[in-house]
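A.B. asks:
Numbering (this note's numbering), first residue to last: 23 to 181.
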């Protein structure tokens, strides 16, 4: 996919929808493209995050390992979704595993590319921040609910 096609795709991704052409062009030129087969792990919970993934086609499943070692499916995402955006900003450990549940074509944005982009195009950060914060809050709520359900189930078994 050439950068102009990437630019058009990125303009339709929620997290970048408010960017101007200049920022979208820079972003499009900073991405690489990768394909993942069904069952492939794009990134794993607990590993250091070095890339974010923008789903061009296919679907991924977000999985979280709970305190009791069970794996819970948090959600499924498809075309236009971005995953791993927190880790490319701070390089911290992944909070969930992302697994392809069918063949996935994705644009990959590395942490070092993102940091360079944010220095030269701060409007990208301004566009991303509200979406990232909202997603973080939603994910944190979902994980709290899953842990609460797990704790309730464990308590009822022991009574």
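Heads up, the beta-carbon is just placed ideally off N, CA and C, and yes, glycines get one too.
Quantities reported herein were computed from a predicted structural model and do not represent experimental measurements.
1. Check for me: the alpha helix (DSSP H) holding residue 78 runs from which residue to which?
2. According to DSSP, simplified to helix, strand and coil, what is residue 83?
3. Buried or exposed for residue 121, going by 16 or more other Cβ atoms inside 10 Å?
4. Decide if residue 170 is buried, meaning its Cβ has at least 16 other Cβ atoms within 10 Å, or exposed.
5. Decide if residue 52 is buried, meaning its Cβ has at least 16 other Cβ atoms within 10 Å, or exposed.
6. Does DSSP put residue 133 in a helix, a strand or coil?
C.D. replies: Answer, in terms of the structure:
1. Residue 78 -> not in any alpha helix (DSSP H); beta strand (DSSP E) instead, spanning 73 to 79.
2. Residue 83: strand per DSSP, three-state reduction.
3. buried
4. exposed
5. buried
6. helix
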